[in-house]
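Below is one structure, written out as C-alpha cells; comments come after it.
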Amino acid sequence: MQTLGQTLVNDLLPDDLRATGPLDKKELHKRLYEYAKRDPAKAAVAMDKLRKLGHEIATTEGASISLDDITPEYATRNDILKPLLKKFQKIDDPLERQKLLLEQQTKLQKASADFHGSQGELVRSGSRGAPSQLMRSYMAPVAARDSQGNVVPWLVHHSYSEGLRPSEAFATNIETRLNLIASNLAVTEPGDFSKILVNNMGDQLILSEDCGTHNGILMSTDDPNIIDRYLARPAGGFSHNTLITPHTATKLRKSEKTIVVRSPMTCELNDGVCQHCYGQNERGKLHKLGTNIGIRSAQAITEPLTQFTLSAKHGVRTGSTTKPGVTGLKGLRQFLEIPETFMNKAALSSTDGKVSKIEKAPQGGHNIFVGTNSFYVPPHLQPSVHIGQTVRPGDALSNGIPMPNEVVQYKGLGAGRKYVVDKLYGIYQDQGADLDKRHFEVLARTHLNQVQIDNDPEKRFYPGEIVNYSTLQKSLSEDTKDVALRAANGQVLARGYLQHTAGTIVTPEIIDDLKQQGIKTVEVATKPPVMSFHMQPITSNPLLNPDWMARLGHRKLKASILEGAHFAQKADIHGTHPVPAFAYGKEFGTGPKGRY
Ligand SMILES: [Zn+2]
C-alpha cells in the first residue's frame, strides 16, 4: 500500500526510481543521488520541489506530538532489566558488570527501535534522532561512559522522563558533560582537519590530458568505484583506456573478477594528475586542465566529518568497545596522524622467516619468534600466526590494526598507499558515508610521497636527504634493465607496477601479484640508492614541501622563513601550489597549462 507521502514524493521522481517500499531518508537520498548523476538539471528542479513540498506539509498538515506519542515503554524495559537488577547487585567485578550492562543496553536499544507513535516513526524514517535517544528518554540509559570512554559499572534503570536517582545522575554525569563538550567541538575539529587536508592536498591539479601510463590499481569488477575510470590494462575484450560505464562494467563482470584501472595514485606525471588517471567527474566529463582536485577531495573528505562527531556523541556505542578508537573522526585522525599511542596496534614482523616459537611473556601477552628475532604481542591482542608459518616484513603477527607507517616502512610506499586508501574508505563506509574512492587515492598520493635516501654510491643525493617520489622516479628511470619477473626478487623497481611504486624492493609477494596480471618482465633500476620509506604525520607533511612559500600556508612559519633564507630556497609563482602565486599576486592564475 502506498501512503500519501510516498505518492507525493514519487511524483517528483522518474518512473524507475519511484519507491514501492518504505521511503526513509537513506532510500530517498539514494534515489536522488542516482537521479542527480543521470540528469543533474532535472534533479535540481525535483529537489527544489521536494524542499517546497516539505515546507508546505510542515505548515499545513498541523501534525503535533500527543501525550500518547511520549508515553514511556516501561513494560518492555522492565521485561529486559528486572531480571538483571538482582543479578547485578551480586556481582563485584567491575569488568563483569560492564559486560552485563553493555549486553542489556544492546537489547534495550534494539527494542527502542520499535518505539511507538510519531517519535518512533521520526527516528525510523532517519529524519531526526536515534533509537538510543528514545531509549534514554522513555526506557532507561542502562549504562554511561566515563571520561576514558569506559563503561561506568552502575546500572541506570530509570528513564529521563521519570527522573534519575541521585546515584544514577552521578553515574551519567560525566557522559552528559562530555556530550555537551562534543557538540560544541563537533564543528571546530572537522574545521581544523579540513585545513590540514587542504594544506596537504592543495597542490594537486589536473595538469595534462594523458600521462600515457599503462599502470593502475587492481580493483574488483563488483566494486562500484570502477565506474567513470579508464582501463589501464586490456580486459574482457576492451582495450587500454576504455572508459568504464555502468554498461561496460556489466560486460566486464561476465568474464573478469578483477581489472587494472587507472588511478590518481598511479598517475606518472611528475606533479599533479592527468585527466585520464583521474577519470570522469560526477557530471560525466573530464576535469578541465588546472582543476584543483586536491582541494575538491579535501572538501569531500571533510564534509561528512561533522556528522561523524555528532553520531559519536549519541552516547555509548556498543560496537566501539570491540574496536576502540578506530571509528569516525577519531579513527581517521589515528590513521593520518599516526600517534605513538596508536590504539589496538598490531604487532608486525620486521623480518623474513618462519615463526619458530610462540611463548607466554612473563609480563602478560606473548613473545613470537621469527627465526631468532622476537616480537612482543601485548595482553589485549592474540597471536594470529602459527609455528612454521612463513612471514614477510610487515606481515601482522597478531590481531589488531597494523600501523600505516610500519606498513610503509616494511612494504614500501605503494603498499602503504593502498593500505591507507582501503582503511580510510572503510572508516567512511562504517559511518554510512559512501565517498568516491578516488578522493582517498589523491590523499594517499600526496601524503605518502617522500623517500629518504640513506646512501647513494652514485652521489646524486646527500645521505639522509628526503626527496619527492617524482624526483626519485626520474632518477631511477635513468639507468634500467628489463629482467624476467622470476629473477627480479630483491631488485629495485624502476617504475610503478600496480600499486607498487618505483623504488620498491621486489619480494616474492610482489612477484605473485604481478604474475597474476600476466606481467612477465619488469624494469628494474641498475644503480639504485639505498633508501627507506617513512610516513609523516599528516600535520607535519606539508612542511616537507621544498617550496618555502608554500610551506607558509601551513604551520611553523618562523622555521620556514629561516630555513628558506639559510638555504636560499626558491618559490615557484607558476607552480602547482596556490600560495606562492597568490602571495605574489600580480600573475595569479596565468601560469602555463593550468598552473597557477
Ligand atoms: Zn596519469
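Just so you know, we're using the numbering used here here: the sequence shown kicks off at 6 and counts up by one. Glycine included, C-beta positions come from ideal geometry on N, C-alpha and C.
Find the nearest neighbour of residue i within the set the options, judged by alpha-carbon distance.
| i | options | result |
| --- | --- | --- |
| L113 | A145, V390, D97, I62 | A145 |
| T512 | R491, E528, Q522, R500 | R491 |
| P239 | E483, E592, V265 | V265 |
| E463 | C216, K532, G376 | K532 |
| H539 | K591, N378, L291, D459 | D459 |
| S354 | E126, R500, E470, D400 | D400 |
| G196 | F313, N155, E411, D276 | F313 |
| P19 | A48, E411, K598 | A48 |
| K290 | L337, K262, T255, Y235 | Y235 |
| N230 | P251, N220, T247 | P251 |
| S389 | G417, P583, R150, K362 | K362 |
| V128 | D29, Y424, L107 | D29 |
| I392 | N372, Q138, M408 | N372 |
| I306 | R56, R443, D97 | R443 |
| E180 | A24, A573, A148, H60 | A148 |
| E607 | P468, Q541, G508, P99 | In the structure as shown, the chain starts at 6 and stops at 601, and residue 607 therefore has no counterpart that could be examined. |
| E194 | E308, I471, D21 | E308 |
| L105 | A41, S244, K335, P88 | P88 |
| E214 | T296, A118, K365 | T296 |
| L13 | G437, S142, L58 | L58 |
| E514 | A420, L169, T218 | A420 |
| V157 | P99, F198, A191 | P99 |
| Q504 | Q496, L557, R450, V456 | R450 |
| N404 | K520, H452, Y433, K350 | K350 |
| G417 | Y502, P27, G242 | Y502 |
| T263 | E273, L223, Y283, I298 | L223 |
| P344 | G599, S117, T544, E39 | T544 |
| D74 | E108, N83, E101, F120 | F120 |
Return yes when at least one heavy atom of ligand 1 lies under 7 Å from the C-beta of residue i, else no.
| i | result |
| --- | --- |
| E194 | no |
| F274 | One point to set straight first is that residue 274 is Leu, not Phe, in the sequence displayed. True, at least one ligand heavy atom lies under 7 Å from that Cβ. |
| T218 | yes |
| H292 | no |
| H281 | yes |
| V265 | no |
| V278 | yes |
Indicate the three-state DSSP secondary structure (helix, strand or coil) for residue i in the structure shown.
| i | result |
| --- | --- |
| A401 | strand |
| I343 | coil |
| E66 | coil |
| C282 | helix |
| K256 | helix |
| K563 | helix |
| D16 | coil |
| E528 | strand |
| S427 | Note that residue 427 is Asp in the sequence shown, not Ser. Three-state result, D427: helix. |
| Q153 | coil |
| P27 | coil |
| M536 | strand |
| K262 | coil |
| L223 | strand |
| F93 | helix |
| D21 | helix |
| Y601 | coil |
| P388 | strand |
| N204 | helix |
| K479 | helix |
| I578 | coil |
| V382 | strand |
| V192 | helix |
| K42 | helix |
Just list the residues that DSSP pairs residue i with in beta bridges.
| i | result |
| --- | --- |
| Y502 | H505 |
| I211 | V278 |
| G364 | Here residue 364 is Glu; the residue named in the question, Gly, does not match the sequence. Paired residue(s): N372. |
| Y235 | L248 |
| G241 | Paired residues: none, contrary to the question. |
| K486 | V529 |
| K520 | Answer is none; K520 lacks a bridge partner. |
| N473 | Q455 |
| I510 | V497 |
| N297 | L210 |
So with Cβ pairs under 8 Å, would you call residue i a contact of chain D?
| i | result |
| --- | --- |
| D73 | Among the protein chains of the structure shown there is no chain D, as only one such chain exists. |
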